[in-house]
Amino acid sequence: MVWPLLGWLTNGLIGRRLSRALAGELACVTVAASFVSALGVLLAVRPAGATDAAVSIVIPLFRWLGAGDLWIDASLIIDALSLVMALVVSGVGFLIHVYSLGYMADDPDLPRYFAYLNLFMFAMLLLVLAGNLLVLFIGWELVGVCSYLLIGYWFARPAAATAGRKAFIVNRIGDAAFLLGLFLLFTQLRTLDILQIRDGAPHLPEGVRTLAALLLFAGATGKSAQLPLHVWLPDAMEGPTPVSALIHAATMVTAGVFLIARLDRLFLTAPVALFVVGIVGALTAFFAATVALRQYDLKRVLAYSTISQLGYMFVAMGALAPVAGIFHLVTQAFFKALLFLAAGSVMHAMHDVIDMRRLGGLARPLRWTAGGFLIGVLAIAGVPPFAGFFSKDLILEEAFALGLSTGNFLPYALALVTAFVTALYMTRAAMLTFSGRPAEAAAHPHEAPPSMLVPMTALAALSVGGGLLGARVAGEPLVEFLAPLIGVKAGEGAVVHPPAGLLVGISIAVALAGIVAGIAVHRGRRDPALGAIAAFLERRWYIDDLYDAVIVAPGRALARWLAGPVDLGIIDGAVNAVGRVLAAVGRAARRLQTGYARQYALGVLVGTLIIVGYWMLR
Amino acid sequence: MVPAPAYLALSAVLFTLGAVGVLVRRNALIIFMAVELMLNSVNLAFVTFARQHGSIDGQVAVFFVLVVAAVEVVVGLALIVDIFRSRETVDIDDVDLLRG
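Each protein sequence line maps, in turn, to chains R and S. Taking this note's numbering, the leading residue of the first sequence gets 1, the next gets one more, and so forth. Taking this note's numbering, the leading residue of the second sequence gets 1001, the next gets one more, and so forth.
Spelled out as structure tokens, the structure:
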């Protein structure tokens, strides 16, 4: 974890004096070092056996701060969950660092970019390894800052700067709720240590647990772009594409899912909160998938699909199956990063053209990119044997099981419909971008350099084979690894197991149907005319417009009112009045100062006589 | 033996002369002399009371006053000489640069 911090310090402080190539390579090396370290720790822990994997190794660093009975120890936890997360973060992070070498090669401000990226890696590793909720919160805020910095990396572009601010502000709403949750937990448990909270949470009163879980979940919706705080993520695509891949697809946005998995015992013992989590996740998944059907910006399509996939993860959390959620988190990190890198490669080739209406016929010149994108599409659509199939199928099964045991089939139904829509819009994106005739004859697309292709190939391999981590045929190694630690179904009776084969069949059929429908509908490279529905989707369910009307516009009016009548009239008026009164007093008092020393002496004499007289008469 | 009230009366007369001198004269040197007159009238009162009460405190105070007066004369005369050099006058009504 320390490695990227070193990289950040070096690149941030003396980056300008380093040669450009050195800055990038240094950043890559530091991230690779943390990946190797995480791998080493994994290998050190793993042979001890599956049962020992449940043991959490706590590394106390130092006593951070203390006030009253609030003692905060900065500590790290190494257990199955944090190791998996650290491996994913540093592994995908490393690939994206390498990719950035190629993608950002022409940028004049390279050291700054890599400094931000390294700072982000440090913050994210701090977040996943934190042994204390406050430390986690520090990491949480730091990744938010990095996200802001990197979205607005091209700060000269107004859209990028605005998008960065929007991300920051929307996140702030969630963070406020998160912080309130922390306060609540602290007042109830007198500790913020994660392990102690895990042990103590089930003994709390039901209402407190529910409230705390809901507050923390509100924080998670901000970070993970769930309804209703999702609006920042599509705009975040203004940042450089590798950043979109790393922060806004693979790692940071999954922090909310990670948080719930981290505090699984708190959430699993709060059924109401879990219900909310599942419903919000399902609604978000469905909403984002439908919106993605009608976006023309390739990266925005991917952004909405990220929101949708994150919704899936929350469905898994809501279905009492954090392991499935983490599994999907891992596979999603692989194939979504792959899709983004492929999109970045397209932008690289087409000189930053990202509007799919202006793209087309790129399959031939960009053979490798197209292949990678296709693998990503198949993976996200859930076609076996690609990674997304196993994880998504596991979530669908768990959602179905939830439906069986509680009668709440809504998450399952929405998730199933979403699976179809997902296949549909990803096929659409692929068709519009890569097939057909070249829409822009003027541009001469060229394949990306090796530094971009190699990471894409690696991610493609992971997207194909990553599913084996949790596949039933391979013995579900990831699930086995994580299961002892999380997903303890406290107080739940025997979970009804659905007919697995049937469900698998259904999900495969749905995915294939989506792809076939996508090909059929978009063969002519045109969107079918759907009238009002299309407009509805294109305007993103009017949610952004609603926010504009309900929050932004009144906010502007309030600001204008405060700036005009209140600030100029009352506050400035008060200040000016004070000044005017003082000036008037000064003008009057000036007459006293005649410059005749004898008058002053007379004054002194008279004053003395008055005082003496007062003392004598008293 | 002259009675104490006579000394005190003389002291009061001298003090009044000094105070009036400070107030009515414009020449800085004269004002300065008037101030000295006031100081010495106070000294006279001190000594009178010291003798009357058979205590040495008043005489000690007189020594302090004398020392301070000497110092004050040094500083004051230096100021007056300096003002005269720069402004060619010692009329205090003409020295009014700080007038509001």
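Each residue gets a CB set at the ideal place from its N, CA and C atoms; glycine is no exception. Everything numeric in this text was worked out from a predicted model, so none of it was measured.
For A601/R, the residues of chain S that pass the 9 Å Cβ criterion are A1019, V1022, L1023, I1031, in the order they occur in the chain.
Taking C-beta separations shorter than 6 Å and ignoring five residues to either side along the sequence, the partners of D193/R in its chain run N132, following chain order. Listed along the chain, the chain R residues whose CB falls inside 8 Å of the CB of D1093/S are G595, Y596, A597, R598. Counting along the chain, A1034/S sits inside the alpha helix (DSSP H) bounded by residues 1028-1053. Within chain R, no C-beta atom comes nearer than 9 Å to that of D1082/S; the closest sits roughly 16 Å away. Comparing C-alpha distances from L214/R to each of A177/R, Y547/R, I173/R shows the shortest one belongs to A177/R.
In the assembly as shown, E206/R is an exposed residue. Its beta-carbon has fewer than 16 other beta-carbons within 10 Å. Around the beta-carbon of I570/R, fewer than 16 other beta-carbon atoms lie within 10 Å, marking it exposed. Annotation for Y116/R: the continuous alpha helix (DSSP H) segment containing it runs 110-129. Our two residues, A319/R and L298/R, have alpha carbons roughly 32 Å apart in a direct line. Where L396/R is concerned, the enclosing alpha helix (DSSP H) starts and stops at 387-406.
Annotated three-state conformation of L76/R is strand, per DSSP. Per DSSP, the continuous alpha helix (DSSP H) segment holding S305/R begins and ends at 298-318. Between the segment 367-381 of chain R and the segment 276-288 of chain R there are fewer than three inter-stretch CB-CB distances shorter than 8 Å, so the stretches are not counted as touching. The beta-carbon separation of F334/R and S463/R, rounded to 5 Å, stays under the 8 Å limit for a contact. Shown here for L182/R: same chain residues with a beta carbon closer than 6 Å to its own, the five before and five after excluded, namely L133 in chain order. Counting only runs of 4 or more residues that sit fully inside the segment 224-254 of chain R, the alpha helix (DSSP H) segments are 232-235, 241-245, in chain order.
Residues of the segment 603-615 of chain R that bring their beta carbon within less than 9 Å of a beta carbon in chain S comprise L605, in sequence order. Just measuring C-alpha positions, the residue of F1046/S, L1029/S, L1017/S, V1013/S sitting nearest V1074/S is L1029/S.
Shown here, D193/R sits in a strand according to DSSP, grouped into three states.
Excluding the 5 residues flanking it on each side, L274/R has same chain C-beta neighbours closer than 8 Å at A213, F267, L268, M317, G318, L320, in chain order. Linking G579/R to Q599/R through their CA atoms gives a straight-line distance of about 30 Å. At a cut-off of 9 Å between beta-carbon atoms, R1085/S makes no contact with chain R. At a Cβ-Cβ threshold of 9 Å, F390/R and T433/R do not count as neighbours. Under the DSSP assignment, T594/R falls outside any alpha helix (DSSP H); it carries neither an H nor an E label.
In this structure, S305/R is the residue among R618/R, S305/R, G91/R, I96/R with its C-alpha nearest to the C-alpha of A429/R.
Relative to the Cα of L1010/S, the nearest Cα in the group R1085/S, F1063/S, Q1052/S, N1040/S belongs to N1040/S. P385/R and G465/R have their C-alpha atoms spaced approximately 8 Å apart.
Comparing alpha-carbon positions, the option among L562/R, G407/R, L617/R, Q332/R lying closest to L459/R turns out to be Q332/R.
Membership of G564/R in any alpha helix (DSSP H) is not indicated, and neither H nor E is assigned to it by DSSP. Counting only Cβ-Cβ distances below 9 Å, D1057/S has no contacts in chain R at all, with the closest Cβ about 21 Å away.
Each residue's CA atom was taken as its position, placing A156/R and A583/R some 46 Å apart.
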